[in-house]
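Numbering of the sequence shown is given in my numbering, commencing with residue -10 and proceeding in unit increments. Backbone N, C-alpha and C fix where the C-beta goes; we use that ideal spot for every residue, glycine too. These numbers were taken from a predicted model, which means no experiment stands behind them.
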Amino acid sequence: MVRPRPGGGWRSVRPYRMSPIATRAGRREKGDVVRIDLARLVGLRHWLHAHPEISRHETATADHLRRFLQEHARPDRILGLAGAGFAAVYDGVAPGRTVMIRCELDALPIQEANDDLPHRSLSDGISHKCGHDGHMTILAGLAQTLAERPATGRVVLMFQPDEETGSGARECCSHESFARIRPDHVFALHNLPGFPEGQVICRAGAFSSQVKYAAIRLTGREAHSAQPETGASPSFALAELMLKARDIQAYHNRPDSYALCVPVFSQMGVQASGICPARGEVHVTLRAPDGPTVEAMWADLTAFARTTAGQYGLDAVFETREEFAATANGRDSFEMIRQAAAGLGLEFNHMERPFRWGEDFGEFTSRHEGAMFGLGAGLGQARPAQSGL
Ligand SMILES: [Zn+2]
């Protein structure tokens, strides 16, 4: 929520009125200000951008952030979570509710193209194309304000691994240390290029999609292509499956919602004129605002695959490779975000439809009251490809 100023430097911001800040000695007076070391945060963000790490390998990122927090934001304790993940805990002066705010540690396996950027990625083929370096820095800035302690309750800042694979949130939720957090509210944000800078984008209910990325593998019997009738090739079954995906999407799509059943990869045989292949596979990505629609599409597709495989004498095997739970924003948490935006004088975009991309924050909102919002990164910024989602 803090915008960099040219040249950095100290900037004073007023604490949001629903989250009063208190010192250990007692509550701050209304109108007091919290100081954020913006220059240090800009330096942190540049370091994170220059040192990206892909999912399941974010150890240097996590180590750097732990050191930053311990030196500049003094958490009461740090809890280790799944993989490189951890949570910084700030106890309030008086008992109260626990609010957890999450950011993501991982980058994407994409080459950085910004050759003129002084802090461009130093890792070949890896870069922070989803903006998670910015999310981590925002939480580090929030940590600086929390170093003076919340007035009540607890604030937990979660630095989550493996978001891009859809597995990090799920594994953090099942980690033994997560039971010690017991959040009453969970929040997260995602930067949104293509939206006005500083605009808050949110809605109650579905915010981002349920996504399933799955493979269908067919196995038959190899033959010479001069005598294909002596083998069992997956070629026509694969073709029928890909066309069926279009029918399934049309059947489940709704005027007031959406359903997507998209073939994204296929492979069959070898590049040799004489070999009629025995194996082939097609991968699909299924998306909808809710889990049941995605599961209904997958059930239709797998039923068709089984029937078709039988007709062509093939075995069919199914594998779910990635899964993102739909992020469902709770009404109370949505209202808190809307009031926070109003309190800070930020433009609020009450979006009509959920985003089609997936985000594993849905693992948290399926277990706890909470909400996610978008933060506009500027109209001049290209809309994200949301690779990996
Ligand atoms: Zn992201």
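What do you get for HIS407, buried or exposed, if any count of 16 or more other CB atoms within 10 angstroms of its CB means buried?
Residue 407 cannot be examined here, being either before or after the span of the chain that is shown, -10 to 378.
So for TYR240, helix, strand or coil by DSSP?
Assigned with DSSP and collapsed to three states, TYR240 falls in helix.
Just curious, the alpha helix (DSSP H) that ASP304 is in, first and last residue?
Looking at the DSSP string, ASP304 is not in any alpha helix (DSSP H); the run it does join, the beta strand (DSSP E), is 304 to 313.
For GLU358, name the three-state secondary structure that DSSP assigns.
Correct three-state label for GLU358: coil.
Counting only C-beta atoms, is ALA71 closer than 9 Å to chain C at any point?
In the structure shown, chain C cannot be found, because there is only a single protein chain.
Does the pairing of the stretch 252 to 269 with the stretch 283 to 302 give three or more beta-carbon distances under 8 Å?
Between the stretch 252 to 269 and the stretch 283 to 302, the count of Cβ pairs shorter than 8 Å is below three; the stretches do not touch.
Assuming contact is defined by CB atoms lying nearer than 9 Å, are SER383 and PHE313 in contact in what I supplied?
In this structure the chain extends from -10 to 378, so residue 383 is not present and cannot be described.
Helix, strand or coil for HIS97? Go by DSSP, reduced to three states.
It should be pointed out that residue 97 corresponds to Leu in this sequence rather than to His. The answer is strand: DSSP assigns LEU97 an E or B state.
Using the Cβ count rule (16 or more neighbours within 10 Å means buried), how would you classify ILE10?
For ILE10, the predicted model reports a pLDDT of 38, less than 50, meaning its position is unreliable and no value from the coordinates is stated.
Classify TYR202 as buried or exposed, calling it buried when 16 or more other Cβ atoms lie within 10 Å of its own Cβ.
Buried, since its Cβ has 16 or more Cβ neighbours within 10 Å.
How about the stretch 130 to 137 and the stretch 36 to 49: do they share at least three Cβ pairs that are nearer than 8 Å?
Here the stretch 130 to 137 does not lie against the stretch 36 to 49, with fewer than 3 beta-carbon pairs under 8 Å apart.
Look at the Cβ atom of HIS117, then the Cβ atom of SER110, and state whether they are nearer than 9 Å.
For HIS117 and SER110, yes; Cβs fall inside 9 Å.
Give the range of the alpha helix (DSSP H) segment to which SER44 is assigned.
Following the DSSP letters along the chain, one finds SER44 in no alpha helix (DSSP H), marked with neither H nor E.
So, at 7 Å on beta carbons, what are the nonlocal neighbours of PHE350 in its own chain, with the 5 sequence-adjacent residues on each side left out?
So the list reads ARG91, ALA158, ALA177, THR316, MET361, once near-sequence residues are dropped.
Quick check on GLN100: buried or exposed, where buried means 16 or more other Cβ atoms within 10 Å of its Cβ?
By the neighbour-count definition (other C-beta atoms within 10 Å, threshold 16), GLN100 is an exposed residue.
Any contact of the stretch 233 to 243 with the stretch 149 to 166, i.e. 3+ C-beta pairs under 8 Å?
No contact exists between the stretch 233 to 243 and the stretch 149 to 166.
On the three-state DSSP scale, how would you describe VAL190?
The sequence given here has Ile at residue 190, not Val. Looking at ILE190 - three-state DSSP - the assignment turns out to be strand.
Roughly how many angstroms lie between the CA atoms of VAL175 and GLY363, to the nearest whole one?
Across the structure, VAL175 and GLY363 are spaced so that their CA atoms are roughly 15 Å apart.
With 16 as the cutoff for other CB atoms within 10 Å, does ARG320 come out buried or exposed?
Around the beta-carbon of ARG320, fewer than 16 other beta-carbon atoms lie within 10 Å, marking it exposed.
Give every residue of the same chain whose Cβ lies closer than 6 Å to the Cβ of ALA305, excluding the five residues on either side of it in the sequence, and list them in chain order.
Excluding five sequence positions before and after ALA305, the CB atoms of its chain that fall closer than 6 Å to its own CB belong to LEU207, ALA294, ARG295, ALA298, given in chain order.
Cβ pair count under 8 Å reaching 3, the stretch 77 to 84 against the stretch 143 to 152:
Segments in contact, yes.
Buried or exposed for PRO84, going by 16 or more other Cβ atoms inside 10 Å?
With a threshold of 16 other beta carbon atoms within 10 Å, PRO84 falls short and is exposed.
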